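Participant: Before anything else, here's the structure in question.
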């Protein structure tokens, strides 16, 4: 297996480790629901649906175990002309969003993330494939990053 995609002279900023808690809670809830459904299907004599749900439960447990590594794989960096975001363990993705192409910078806070003080920052461009969501930012960091990105986008509008 080859090494992680790296960019020269880029020092990646990490997301908050609190995101591990949020993702584990979400994955654990899915795993518990799958376990409950598979047990109910088993006790009511539905063999194949119980097996399918049991496989889903095992996959959910594996997902929970991989959460810390997945969260550590997130990174972003503000460069001179663009924001670069990376994610992924098996399927790695590195996206560069030019400031002048940003149309919307959105902050989302789910109920569990709000409890631990986290936000997701979403960047929208005209091209649907370049949309970027940076999860697990502290609320103050997300607000400051949003304001900085809006300022940079307004100063570098392309084609307007």
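In the UniProt record's numbering, the protein residues as written are 1 to 160.
Using N, Cα and C, we set each Cβ at its ideal position, and we do this for glycine too.
Just so you know, these numbers come straight off a predicted model, no measurement behind them.
(1) Exposed or buried, residue 17, counting other C-beta atoms within 10 Å across all chains shown (16 or more means buried)?
(2) To which residues does DSSP link residue 134 through a beta bridge?
(3) Go to residue 92, then tell me how far its beta strand (DSSP E) extends in each direction, as first and last residue.
(4) On the DSSP bridge assignment, give the partners of residue 77 in chain order.
(5) Assign residue 62 to buried or exposed, taking buried as 16 or more other Cβ atoms, counted over all protein chains shown, within 10 Å of its Cβ.
(6) Kindly indicate the opening and closing residues of the beta strand (DSSP E) around residue 105.
(7) Quick one: what does DSSP say residue 45 is sitting in, helix, strand or coil?
(8) Hey, how far is the Cα of residue 9 from the Cα of residue 111?
(9) How is residue 150 classed by DSSP in three states: helix, strand or coil?
(10) Are residue 81 and residue 99 closer than 9 angstroms when you measure CB to CB?
(11) Which stretch, first to last residue, makes up the alpha helix (DSSP H) that contains residue 114?
(12) Just to confirm, are residue 51 and residue 69 a CB contact at a threshold of 9 angstroms?
(13) Should residue 55 be labelled buried (16 or more other beta-carbon atoms within 10 Å of its own) or exposed?
(14) On a CA-only basis, which of 107, 154, 101, 126 is nearest residue 140? Give me that one, please.
Facilitator: Reading from the atomic positions:
(1) Position 17 of the chain shown holds residue 17. Exposed, by the Cβ-count rule.
(2) Counting from one through the chain shown, the residue named residue 134 turns up at place 134. The bridge partners DSSP lists for residue 134 are 121.
(3) Sequence index remark: in the chain shown, residue 92 carries index 92 (1-based). Segment: none, residue 92 is in no beta strand (DSSP E) and carries neither H nor E.
(4) For the purposes of this step, residue 77 is taken as the residue at position 77 of the chain shown. When DSSP reads this structure, residue 77 sits in a beta bridge with 84.
(5) Numbered from its first residue, the chain shown carries residue 62 at position 62. Exposed is the call here.
(6) Position 105 of the chain shown, counted from the start, is the residue given in the question as residue 105. Per DSSP, residue 105 belongs to the beta strand (DSSP E) from 102-108.
(7) Translated into the one-based positions of the chain shown, residue 45 becomes position 45. Coil, per DSSP.
(8) Within the chain shown, residue 9 is the residue found at index 9, counting from 1. Within the chain shown, residue 111 is the residue found at index 111, counting from 1. Each residue's Cα considered, the two are about 37 angstroms apart.
(9) If you number the chain shown from 1, residue 150 lands on position 150. It is helical.
(10) Here residue 81 refers to the residue found at position 81 when the chain shown is read from its first residue. Here residue 99 refers to the residue found at position 99 when the chain shown is read from its first residue. With contacts defined by Cβ atoms closer than 9 angstroms, residue 81 and residue 99 form a contacting pair.
(11) As a first step, residue 114 is located in the chain shown; it is residue number 114 there, counting from the start. Element bounds for residue 114: 111-116.
(12) Here residue 51 refers to the residue found at position 51 of the chain shown. Here residue 69 refers to the residue found at position 69 of the chain shown. Result no, Cβ atoms of residue 51 and residue 69 do not sit closer than 9 angstroms.
(13) Indexing the chain shown from 1 puts residue 55 at position 55. When all chains shown are included, residue 55 counts as exposed.
(14) Your numbering for residue 140 matches position 140 in the chain shown. Closest option to residue 140, Cα to Cα, is 107.
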